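Read through the structure below, which is laid out as structure tokens, and then see the notes.
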Amino acid sequence: MRAGSRGVIDELIVELLVNTGVRASELCNLNIGDLPARHGKDCIWVRDGKGKVSRTVDISEKLKKRIERFVKLYRKRARANSALLVSELGGRIIYRSIYAKIKRIGEQ
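1 is the number of the first residue of the sequence shown in full-length UniProt numbering; add one for each residue after it.
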């Protein structure tokens, strides 16, 4: 991750949570291969959701383009099984991080 990308990631997290209704834990599990550019549809593949059920979630064209732009700028070398969202240290983002980001945004 490049310096300065944290704000972009925070915005993408909020947009994904609000516009798709996915759970924060499901967001942590999203891989590059779960995205529209990989399977050509206007949806994301949510693996191992509540009850270990996988499903597709429709997304808007605007969100699809935003995700594609994010991947192109910040995750272009990532493989299909790599995490979409990573921490400052480069590992998969965890639930506590998402919770802290949302809490901080809510307090602003």
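The beta carbon of each residue, even a glycine, is placed where N, CA and C say it ideally should be.
The structure presented is a predicted model; accordingly, all values stated were derived computationally and were not measured.
Between the C-alpha atoms of Tyr-74 and Glu-61, what's the straight-line distance to the nearest angstrom?
20 Å
Using CA coordinates, which residue listed in Ile-32, Ile-94, Ala-83 and Tyr-99 is at the minimum distance from Glu-68?
Of Ile-32, Ile-94, Ala-83 and Tyr-99, the smallest CA-CA separation from Glu-68 is found for Ile-32.
Determine the direct distance from the alpha carbon of Asp-58 to that of Asp-42, and round the result to whole angstroms.
6 Å
Can you name the start and end residues of the beta strand (DSSP E) that Val-46 belongs to?
43-46
Can you tell me whether Glu-26 is buried or exposed, with buried defined as 16 or more other CB within 10 angstroms of its CB?
buried
Using 10 angstroms around the beta-carbon of Leu-89, count the other beta-carbons present and answer buried if the total reaches 16, otherwise exposed.
exposed
May I ask you to report which of helix, strand or coil DSSP gives Val-86?
Val-86 carries a strand assignment under DSSP once its states are collapsed to helix, strand and coil.
Output yes or no for whether 7 Å exceeds the beta carbon distance between Arg-92 and Ala-83.
yes
Bridge partners of Thr-56, per DSSP?
Trp-45
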